[in-house]
Amino acid sequence: MITYWPYYNKVFAMSLTTQDVQKIARLARLAMNQAEIEAARAQLSGIFELIAEMQAVDTRGIAPMSHAQELSQQLREDVVTEANQREAFQAIAPQVEGGLYLVPQVIE
Amino acid sequence: MEWEIVIGLEVHTQLSTNTKIFSGASTAFGSEPNTQADAVSIALPGVLPVLNKGAVERAIKFGLAVGAYIAPRSVFARKNYFYPDLPKGYQISQMDLPVVGAGALTIQVEPLSGNAKPYEKVVRITRAHLEEDAGKSVHGASQGLTGIDLNRAGTPLLEIVSEPDMSSAAEAVAYAKALHSMVRWIGICDGNMQEGSFRCDVNVSVRKPGEPLGTRREIKNLNSFKFMQQAIDYEVQWQIDTLENGGKVQQATILFNPDTGETRSMRSKEDAHDYRYFPDPDLLPLDITPAMIEAVRATLPELPQAKSGRYTSEYGLSAYDAASLTASREMAEFFDASVSMVGAAHAKLCANWLIGEVSAQLNRDGLDIAKCPISATQFGGMLARIADGTISNSGAKEVFRALWSEGGTADAIIEAKGLKQVSDGGAIEKIVAEVMAANADKVAEYRGGKDKLFGFFVGAAMKASQGKANPVQLNEVLKQKLAG
Amino acid sequence: MLNLSLQQQGLALRARKISSVELTQLYLDRISTHNPVLNAYVTVDAAKSLAQAQAADVRLAVGAADPLTGIPIAQKDIFCAQGWRTTCGSKMLDNFISPYDAHVISLFNGAGAVNLGKTNMDEFAMGSSNETSYFGPVRNPWDIKAVPGGSSGGAASAVAARLCAAATGTDTGGSIRQPAALCGITGIKPTYGTVSRYGMIAFASSLDQAGPMARSAQDCALMLNVMTGHDARDSTSLQRDKEDYARDLHRPLKGLRIGLPKEFFAEGLSQDVAACVQAAVAEYQKLGATVVDISLPNAKLAVPVYYVLAPAEASSNLSRFDGVRYGYRAPDYTDLTDMYEKTRAQGFGEEVKRRIMIGTYVLSHGYYDAYYLQAQKIRRLIAQDFVEAFKQCDVIMGPTSPSTAFNLGEKGDDPVQMYLSDIYTIAVNLAGLPGMSIPCGTGANGLPVGLQIIGDYFKEAQMLGVAHQYQLATDWHSRAPQGL
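Okay, structure coming up:
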């Protein structure tokens, strides 16, 4: 049965701020103008309200479930199986030169 | 007041597999750009990673070599960030559960300054984890653009993280060298630093003794031991100057410029890092069974520490000599092969020559033992002739020079140059008699108590024999005859 | 011919009553007629399809045909197919011609099936109405004002309108079952890991699973026989013996225990859907099954858990779409970051961006434990509920969707309302269980209602048998939309 853990409600019954949305957009590399950020803030807040239901559940002692099946990783033999397909792969690339993918200058 | 230096290393070693960590593309170095970038390497939509057994075996091998905990279950996680050399927008790495846990490496430190003596130190290894390498950015490919070559993307890396146990540039370099030697010794990495197979990130901080750790700055991507030492020296001085001038050290990632000898902050990663690690749903947990560990253990060569211990106990070598001979696998193999030709009784002779003449000559020619122009067989052949008294030490030096520059065998050189020493008792007695006759006054002086003249007689007799007299025999005969 | 089962079409082909080229042309003609309204296909390439049909005819002529040889199958545009534009419903991949085949595509090619075209879908499979496709909404052939459901809306619409013999779909939170229900067809999402995900463009890797969408359970069994099997290129692909999914089609239902979770019949379920589902259960009782009341106490948390886990995985999976190696790149930008941000802002639609943002947030520093980890823990609770339930019953039944098809634009402004259309299907993905939907009546608006059947792990054959027995006793599955 679900038991409630009141601590969570307090922490997560909050909505996102404009700064939160800006930070997420930057991390996710999504250009957004002020109006878009405001619209996203409103919608995301609604979704996080839905998600907040989850916070009330006491999950102490429950192991997180990452995969549907409890299996181990299979290992591949260390043998070359892939041939050069540069031509085919770069035929669909936005910008290439001399076999290199081109991007705006990277500054280290 | 003195400052204490605290250094920890994160070393990225490229594992010497045939294929990438998550796909069957070749990892060979130096191919045309993107010709080894398969569908997985360029992260086409829909492709998935499958873990390379060779990479896992090499990680286990390393863990065994440093006496570390091998995790029965480890997990791959995604480290999310955008960079053009990172095709998926995340790097598959290990975060919470690395494949190799705590271990240790014993290092020989040669202090860089003063008359301080070499010493031994144990550096603790925190962990080592498997991850994939990124591609390469090629700058100036085209005006204002950067070219991306993904041949290297997906090459398996073992990132080896040390505890902050080093307290000088000398210790950091000694640790890096010992680690470099170890990964090559056990055959998991080719150690080619120019090609980026062994790259060091160095965390440096300073503090006053007894105070908590200072703020560290991380020097990224050092690919030579010389640069590492220069970078640490510069960085330590910079931090001390900053603090002594009332400034504060900010945590930062910095680059070393070998041309100026200075360090500077990286500009591109100004984003506050938020890598959003989470377990990679495309990969299942890596379970390593005891059977798998034992199978890898069976392939492990005798490790440097064990070998060095054996050299001191079996061959009676000094600890210092034994450590020198086990500084690299190639040196140890050269030594072992030579000893097998002359016999264990002459191991000391073998060691003396390797650490002395051979190392000096290698140094002069800027070579390492792997590139030594004399093979262990040629070298052993020469040692055997010293051991059986055919040639004297000075004769051997001549043989050695000839072997080095012209090749061939010791026996042929001895023959051609007539270096065979005279061990015939009669012949030596005759020479001694001649020398004594020619120097009757000196004989009288010697017999009158001037012992120091013994050396003169040795020299004169040796000269008369054209350097070929067996020095041991010559000594004996001289002593006997001069005594009268 | 259009209403024949796959098996009957196969027999007709083998008996040379019709050639594959003729059958393919028949469907191509129907697509030309009806696709302008339904928009079920994003890409049709008659030349390619007919070439495959010709090859199939050769195979049929020499008697080397498999059950699906020569049969035209529609492929969801999430599967990479070599030489075919593969868009995943996104502007980001509008120009992406896949250089390789997904495992599923290779299997169909190997079986000699004809690829009839790529079906429309919600962008990157994110949606429940097919309104998020960059290529415009798909319409429901039962009522063109209504949505077909999503994300495999094009597939469902095409099967219902007889624009293909059968189709593939993928299901991350209900994307096979919900559109199957809304379009009055049969669809099954097998146990996670049964169908390889290699070449299936990832939405949420730990939940994505492909399956067939067809007019009957029997057709689905034939499709599954082709689609399933271990694939070494997908680490999560299960290593199990090949099985015949048609083997239990004729097994009587006597003694079958049907579990009815009380949570699936609570508030939020529309009356007409409830009535149809109850009637279907009554029909099952007539066929010899018994009914058990069960509870899935954590099922109501499936939606919040899903909207943490799926966006988290998606935010990372979609990072590879960065304008560097393939796909869309913004035409104007000032620097690298600007290129990334504009490319992704312009290339992705609103729903995709929204989910990327949710996922980025829940994984970001300081929120991971409260969101992602908490969701993974509740995921386990949800899966355990099913384990308990299957101790009491053989299959679980309930509604697939809370209502029949809604009208286009009806839920447009409120993502939360849209997310709730998957309340009954999501838990199955979280647990990794097989689930299917079969038509079981029509609602108040005359549109189809789906009965959801959930089985225990690897019980697809049993579920298909359970569905088939119902389809022998009823004719809901063979009804076709009017006017086509």
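Residue numbers (numbering that gives the first Met the number 0), protein chains in the order written: chain A, 0 to 107; chain B, 0 to 483; chain C, 0 to 483.
The beta-carbon is built from N, C-alpha and C at its ideal position, and this holds for glycine as well.
These figures come from a predicted structure and were not determined experimentally.
Is the Cβ of residue i closer than 8 angstroms to any Cβ of chain C?
i, result
"LEU47(B)", "yes"
"GLY98(A)", "no"
"LYS19(B)", "no"
"ALA21(A)", "In the sequence under discussion, the amino acid at residue 21(A) is Gln, which differs from the Ala named in the question. No - not a single Cβ of chain C is within 8 angstroms of the one on GLN21(A)."
"LYS87(B)", "yes"
"ARG72(B)", "no"
"GLU81(A)", "no"
"ILE91(B)", "no"
"GLU52(A)", "yes"
"PHE277(B)", "yes"
Go through its chain and collect everything with a Cβ distance to residue i's Cβ below 8 angstroms, but skip five positions before and after it.
i, result
"VAL295(B)", "GLU56, ILE59, LYS60, LEU63"
"LEU463(C)", "ILE187, ALA216, GLN217, CYS219, ALA220, LEU223, TYR244, ALA245, ASP247, LEU248, MET435"
"GLU428(B)", "VAL476, LYS480"
"MET461(B)", "ALA468, PRO470, LEU473"
"GLU262(C)", "SER294, LEU295, PRO296, ALA298, LYS299"
Going along the chain, which residues of its own chain have a beta-carbon closer than 7 angstroms to the beta-carbon of residue i, five neighbours each way excluded?
i, result
"GLN304(B)", "THR105"
"ASP281(B)", "LEU47, PRO48"
"GLY379(B)", "ALA336, SER337, MET340, VAL341"
"ALA383(B)", "MET340, VAL341"
"GLU269(B)", "For GLU269(B), the pLDDT reaches just 47, beneath the cut-off of 50, and the residue's location in the model is therefore unreliable, leaving the point undetermined."
"THR359(C)", "SER314"
"PHE399(B)", "GLU356, MET381"
Quick check on residue i: buried or exposed, where buried means 16 or more other Cβ atoms within 10 Å of its Cβ?
i, result
"LEU15(A)", "buried"
"HIS364(C)", "exposed"
"LEU418(B)", "buried"
"ASN244(B)", "exposed"
"ARG183(B)", "buried"
"GLU109(B)", "exposed"
"ARG15(C)", "exposed"
"PRO447(C)", "buried"
"GLU194(B)", "exposed"
"LYS241(C)", "exposed"
"GLN33(A)", "exposed"
Which residues does DSSP list as the beta-bridge partners of residue i?
i, result
"GLY168(C)", "GLY210(C)"
"TYR118(B)", "VAL108(B)"
"ASP65(C)", "ASP65(C) pairs with nothing; no bridge assigned."
"GLU158(B)", "HIS11(B), HIS128(B)"
"CYS87(C)", "None; CYS87(C) has no bridge partner."
"VAL205(B)", "ILE4(B)"
"GLN90(B)", "LYS78(B)"
"GLU261(B)", "ASN256(B)"
"GLN74(C)", "LYS117(C)"
Leaving aside the five residues before and after residue i along the sequence, list all residues of the same chain whose C-beta is less than 6 angstroms from its C-beta, in chain order.
i, result
"SER25(B)", "GLN35"
"SER505(B)", "Because chain B is modelled from 0 through 483, residue 505(B) falls outside the range shown and cannot be assessed."
"GLY326(C)", "MET91, LEU92, PHE95, PHE320"
Using 8 angstroms as the threshold, is the C-beta distance between residue i and residue j below it?
i, j, result
"ASP65(C)", "LYS117(C)", "no"
"ALA468(B)", "VAL421(B)", "yes"
"VAL304(C)", "ARG378(C)", "yes"
"GLY348(C)", "SER89(C)", "yes"
"ILE354(B)", "ASP410(B)", "no"
"ASN114(C)", "GLN53(C)", "no"
"ILE452(C)", "VAL394(C)", "yes"
"MET181(B)", "VAL201(B)", "no"
"THR259(B)", "VAL248(B)", "no"
Check the Cβ-Cβ distances between residue i and every residue of chain B, and say whether any is below 8 angstroms.
i, result
"SER105(C)", "no"
"SER65(A)", "yes"
"ASP321(C)", "yes"
For chain A, find out if any of its Cβ atoms is closer than 8 angstroms to the Cβ of residue i; answer yes or no.
i, result
"THR42(C)", "no"
"TYR360(C)", "yes"
For the ligand FAD, any of its heavy atoms closer than 7 angstroms to the Cβ of residue i?
i, result
"LEU302(B)", "Summarising the ligand content, the structure contains no ligands, and the ligand FAD is consequently not present."
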